[in-house]
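Below: the structure, in structure tokens.
In the numbering used here, the protein residues as written are 40 to 332.
Encoded structure:
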């Protein structure tokens, strides 16, 4: 008999599938090992139960969304966790993740954790993203503040919790759902950043419903496979202006009649976001050049 479930962990050649309140350790049917399809965390699958602990994956259902990093599929939303300091927020890294989420069709939330350290450093940054239309959460795992709103968000489908090491992702999940008892790392004194405590992507089932992907911390993040013209469309505040530029295919750099440059001058677009766009555009252009060689 076939049973449906969701892949919650992939480790050591085994696929751990949750169906109801139980988890089975499964292997792939031969055609998956031979073919090109790779089974990922978040995949909805059908499997044959071999015994009370193991099974064989027979079928993988079509995916609704795919995030490149962390590599999780069928994600409804992503919560990008930052901190006021230890480590300080990196707006360019934040924009990289927001771009990836938008490209994948995943709703993104920005969560500033550790607000017990103070909020002066993040007020301007938070205001910038609130103006664009992003939801911004303020939490403190230490003081147990701001957790109700986060808990409500996490109860809806599959949520990826992502961000640099040291921002308190595991502490935040433990505060939201104490039964998880995730391992907490210390802060590296030399760099002021957190040590990796999460080693692989795993979907954690929450008592209130939903799954959350606790992911390894990262300090670098690539871009989705978009071309130089498409990149601007992944900045939500650019969208109203893109098609009013004088020239089709405008890259919003030095071209005359650029509506985005005009919006920048008039304060409709923040200089922080625009400068990040230019940096990412250079990466896309350089990537295209490498492909043409």
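Beta carbons are placed, not taken as given, at the ideal position from N, Cα and C, and that holds for glycine. Source: prediction; values computed, not measured.
Residue i, enclosing beta strand (DSSP E) - first and last residue
i: residue 280; result: Careful: residue 280 lies outside any beta strand (DSSP E), inside the alpha helix (DSSP H) at 278 to 281.
i: residue 48; result: 41 to 50
i: residue 98; result: 93 to 99
i: residue 241; result: 241 to 244
i: residue 83; result: 83 to 88
Opening and closing residue of the alpha helix (DSSP H) in which residue i lies
i: residue 321; result: 310 to 331
i: residue 191; result: 186 to 193
i: residue 177; result: No alpha helix (DSSP H) holds residue 177; the beta strand (DSSP E) holding it covers 174 to 177.
i: residue 271; result: First-last for residue 271: undefined, no H or E at that position.
Buried or exposed by the 16-neighbour rule on C-beta atoms within 10 Å, applied to residue i
i: residue 239; result: exposed
i: residue 241; result: buried
i: residue 251; result: buried
i: residue 324; result: exposed
Alpha-carbon to alpha-carbon, residue j and residue i
i: residue 196; j: residue 68; result: 27 Å
i: residue 43; j: residue 92; result: 15 Å
i: residue 329; j: residue 319; result: 15 Å
i: residue 78; j: residue 286; result: 43 Å
i: residue 176; j: residue 245; result: 19 Å
i: residue 185; j: residue 153; result: 11 Å
i: residue 50; j: residue 331; result: 37 Å
i: residue 261; j: residue 126; result: 20 Å
i: residue 88; j: residue 41; result: 7 Å
i: residue 80; j: residue 46; result: 5 Å
Which runs of the alpha helix (DSSP H) fall wholly inside the stretch 104 to 155 and span at least 4 residues, in chain order?
-> Qualifying alpha helix (DSSP H) stretches, in chain order: 130 to 143.
Please determine if the stretch 140 to 149 and the stretch 112 to 127 are in contact, where contact requires at least 3 C-beta pairs separated by less than 8 Å.
-> Cβ pair count under 8 Å is three or more, so yes.
Is the stretch 155 to 172 close to the stretch 289 to 299, with three or more CB pairs under 8 Å?
-> Remark: fewer than three beta-carbon pairs, one from each stretch, lie closer than 8 Å, so the stretch 155 to 172 and the stretch 289 to 299 are not flagged as touching.
Within the chosen definition, does the stretch 302 to 314 reach the stretch 272 to 286 through at least 3 CB pairs nearer than 8 Å?
-> Cβ pair count under 8 Å is three or more, so yes.
Do the stretch 199 to 218 and the stretch 122 to 142 meet, that is, are 3 or more Cβ pairs less than 8 Å apart?
-> Yes, the stretch 199 to 218 is in contact with the stretch 122 to 142.
Inspect the CB distances between the stretch 53 to 65 and the stretch 106 to 117 and report whether three or more fall short of 8 Å.
-> No contact exists between the stretch 53 to 65 and the stretch 106 to 117.
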